[in-house]
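Using numbering that gives the first Met the number 0, you'd call the opening residue of the sequence shown number 0 and step up by one each time. Here's the structure, in structure tokens; my notes come after.
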Amino acid sequence: MRTVPTSGGIELGPPEGPWIDIVPLALGAPRGEALVGLADELVAAGGDWQEWQGTPGAPAPPELVGVSGVVPGLGRPELLVMFRRWGRQDPLSALRAVEEHEGALPLRLACACLLAARAERRPGRAPALAARAAPELVRVDAHAAHMGREELATACAEAAARGDERPRTPSAWGAAQALVRLARLLWREEAAGPLRRLWRPGGRWEALVDLAAAAATAWGIERAAGPMGSVAVPAGAEGHAWALYAEAVGMGLSRRGLRHLLGEGEEALPGAGRTSLPHMDPDMCLAMARSLLEEARARARYALEGAVRVLPPREVAALGMRELRLWAEGRAVWAAIAGREGLLGPFRWEPAPDWAGSPALPQDIVPLAHLLLAAAYRDLTVAGEAGMPWRRGQGERTAAASGIAASRAAGAATGRPLPQLPRRETLAQGTRLWASPRERRLVRRMAAMVRGHLRRLPWGWSPSADALTAAASYGIPVPPGHTFVRPHARGGAGEDTGPVTARGLAAVMALLPQNTATGRTAP
0 MRTVPTSGGI ELGPPEGPWI DIVPLALGAP RGEALVGLAD ELVAAGGDWQ EWQGTPGAPA
60 PPELVGVSGV VPGLGRPELL VMFRRWGRQD PLSALRAVEE HEGALPLRLA CACLLAARAE
120 RRPGRAPALA ARAAPELVRV DAHAAHMGRE ELATACAEAA ARGDERPRTP SAWGAAQALV
180 RLARLLWREE AAGPLRRLWR PGGRWEALVD LAAAAATAWG IERAAGPMGS VAVPAGAEGH
240 AWALYAEAVG MGLSRRGLRH LLGEGEEALP GAGRTSLPHM DPDMCLAMAR SLLEEARARA
300 RYALEGAVRV LPPREVAALG MRELRLWAEG RAVWAAIAGR EGLLGPFRWE PAPDWAGSPA
360 LPQDIVPLAH LLLAAAYRDL TVAGEAGMPW RRGQGERTAA ASGIAASRAA GAATGRPLPQ
420 LPRRETLAQG TRLWASPRER RLVRRMAAMV RGHLRRLPWG WSPSADALTA AASYGIPVPP
480 GHTFVRPHAR GGAGEDTGPV TARGLAAVMA LLPQNTATGR TAP
């Protein structure tokens with residue numbers, strides 16, 4: 000490490016090159032050795048990298064090549080980082096020479112420099128994305144055993160997907176080499192698909208998303224192909240595009256399913272929409288989802304197949320779900336939640352009590368998403384048309400698909416009908432309202448009272464028969480370990496609301512905060 004008196008910066012690497020230069024651009028910036036640690040910290044925060052052109056008034060000699068990046072500080076440029084080498088030397092060898100001369104290099108700085116030098120397009124923000132991902136994927140340990148590039152890249156990806164301990168490697172240049180290789184591999188079907196299937200809650204999926212976005216930016220990846228067709232990779236949404244690609248190729252989403260869930264065809268990439276979890280108990284959400292799914296498994300009269308859109312009442316829409324899109328093929332169900340700020344998903348959903356979530360969903364909203372999906376699934380498969388009526392005008396357009404003509408023909412037959420084994424009828428595709436206007440009014444009246452609610456019981460206690468009967472009369476399932484407190488109007492007995500067919504919606508409304516359930520916005 001050498002100090003450059005004219006700039007106050009430092010130069011890493013052999014005197015004859017290659018070099019990594021770190022130059023402070025702001026008044027009061029550290030000097031000397033402290034610049035290395037600051038550069039490693041700030042290089043992951045952002046910045047704009049480009050081909051190095053030399054210094055003002057002194058163009059670079061043709062045999063000297065490199066990249067440079069202005070690394071942002073707090074509100075203004077803080078550092079200039081330059082990775083320079085002689086043209087006869089490849090970027091990896093140059094990075095290795097710098098590290099061997101210095102004895103060590105910070106991991107994030109090494110990854111940013113190597114990816115910027117290997118980029119086939121203007122690097123832009125790609126080095127910062129790679130630097131941000133690096134510490135989540137690999138550790139540098141001088142005493143670790145050496146691993147080959149392919150072996151280390153695979154180990155980093157699999158450990159991140161499962162949430163296992165990060166692999167170790169003895170050098171920063173070796174770690175950077177493996178991560179740059181992994182960045183390219185992530186856009187291949189044979190890598191993205193298995194990683195999605197390996198994912199577990201607690202996995203470091205965001206690091207893989209960042210690295211994939213860095214690759215798309217650095218190498219100009221504009222489309223990703225798979226069995227579902229191709230996915231557009233627009234500028235600024237590269238990470239989201241890769242997450243969608245991994246979900247599709249890893250979980251077997253078809254072309255038709257992808258087009259339905261995206262809403263405007265496979266060319267339209269959704270924004271990073273997000274729902275919220277306002278004052279709702281995650282454990283209660285999961286318990287209620289289990290009850291609804293158990294009811295659906297025991298009492299289902301309809302099967303889902305193909306494309307369904309569900310339009311919720313305003314109280315559920317206030318959570319951020321403007322529309323719920325479902326795609327069913329066989330026993331597989333995919334979902335996407337269209338909100339005010341974009342689309343959440345698509346993602347594979349399992350109608351099972353122990354569904355672990357998806358990397359396409361932030362883990363803090365998995366309980367709410369599972370409850371919403373379980374409630375809609377219960378009302379579609381158990382209540383059918385009664386719980387999920389057609390949107391106005393939709394029924395006429397899908398009459399033939401729903402089997403009306405076949406029912407009329409069967410009604411004209413003569414003779415004594417023979418008993419038949421119960422079977423599930425396939426629910427017709429299309430856009431449906433979540434509960435009829437009448438049932439929505441009933442549920443809202445319940446919410447306007449001093450609300451009935453579920454209450455957790457001490458361990459070993461069971462709800463009374465009266466509580467179960469009262470909950471059933473309001474269409475609300477009671478999860479194990481809970482009881483139901485009957486609603487009442489202030490100053491008198493509660494109004495009899497009658498039975499509710501859309502018990503899934505009633506269950507969701509029972510868990511909403513009072514201001515949300517009555518259509519008011521919480522302060």
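Built from N, CA and C at the ideal position, the CB exists for glycine as well.
Asked                                                                                                                                                         : Found
Glu150 to Pro436, Cα distance in whole Å?                                                                                                                     : 59 Å
For Gly102 and Ser170, what's the separation of their Cα atoms in angstroms?                                                                                  : 10 Å
Take Arg183 and list the residues in its own chain whose beta-carbon comes closer than 6 Å to its own, dropping the five residues that flank it on each side. : Ala214
Buried or exposed for Pro312, going by 16 or more other Cβ atoms inside 10 Å?                                                                                 : buried
For my contact list, Gly305 and Ala288 are in at a C-beta cut-off of 8 Å; report their separation, rounded to the angstrom.                                   : 24 Å between Cβ atoms; not a contact.
Where Ala240 and Ala434 are concerned, what is the direct C-alpha to C-alpha distance, given to the nearest angstrom?                                         : 34 Å
Strictly by DSSP, which residues pair up with Ile19?                                                                                                          : Leu11, Phe82
For Gly45, which residues in the same chain have their Cβ closer than 6 Å to its Cβ, ignoring the five residues on either side in sequence?                   : Pro71, Ala127
Find out if the Cβ-Cβ distance for the pair Leu108, Pro90 is shorter than 8 Å.                                                                                : no
Would you tell me roughly how many angstroms separate the C-alpha atoms of Gly319 and Leu467, rounded to the nearest one?                                     : 31 Å
Which residue's Cα is closest to the Cα of Ala295: Gln362, Arg254, Gly383?                                                                                    : Gly383
In the structure shown, what three-state DSSP assignment does Pro345 receive?                                                                                 : strand
Looking at the structure shown, is Gln49 part of a helix, part of a strand, or coil, going by DSSP?                                                           : strand
Could you pull out every residue in the same chain whose Cβ sits closer than 6 Å to the Cβ of Arg1, ignoring the five residues on either side in sequence?    : Glu10
Classify Thr482 as helix, strand or coil using the three-state DSSP reduction.                                                                                : strand
Within 10 Å of its beta-carbon, does Ser290 have 16 or more other beta-carbons around it, so buried, or fewer, so exposed?                                    : buried
Could you check if Val381 is buried or exposed, using at least 16 other CB atoms within 10 Å of its CB as the buried criterion?                               : buried
Closest to Glu189 by CA distance: which of Pro498, Ala156, Gly65 is it?                                                                                       : Ala156
Name the two residues that bound the continuous beta strand (DSSP E) containing Ser67.                                                                        : 63–71
Looking at Ala152 and Trp48, is the spacing between their C-beta atoms short of 8 Å?                                                                          : no
Mind checking which residues open and close the alpha helix (DSSP H) that includes Glu99?                                                                     : 90–101
Within the continuous beta strand (DSSP E) that includes Arg330, where are the two ends?                                                                      : No beta strand (DSSP E) holds Arg330; DSSP gives it neither H nor E.
Under the three-state reduction of DSSP, which class applies to Ile220: helix, strand or coil?                                                                : coil
Please name the residue in Trp85, Glu77, Ala505 whose C-alpha comes closest to that of Arg444.                                                                : Ala505
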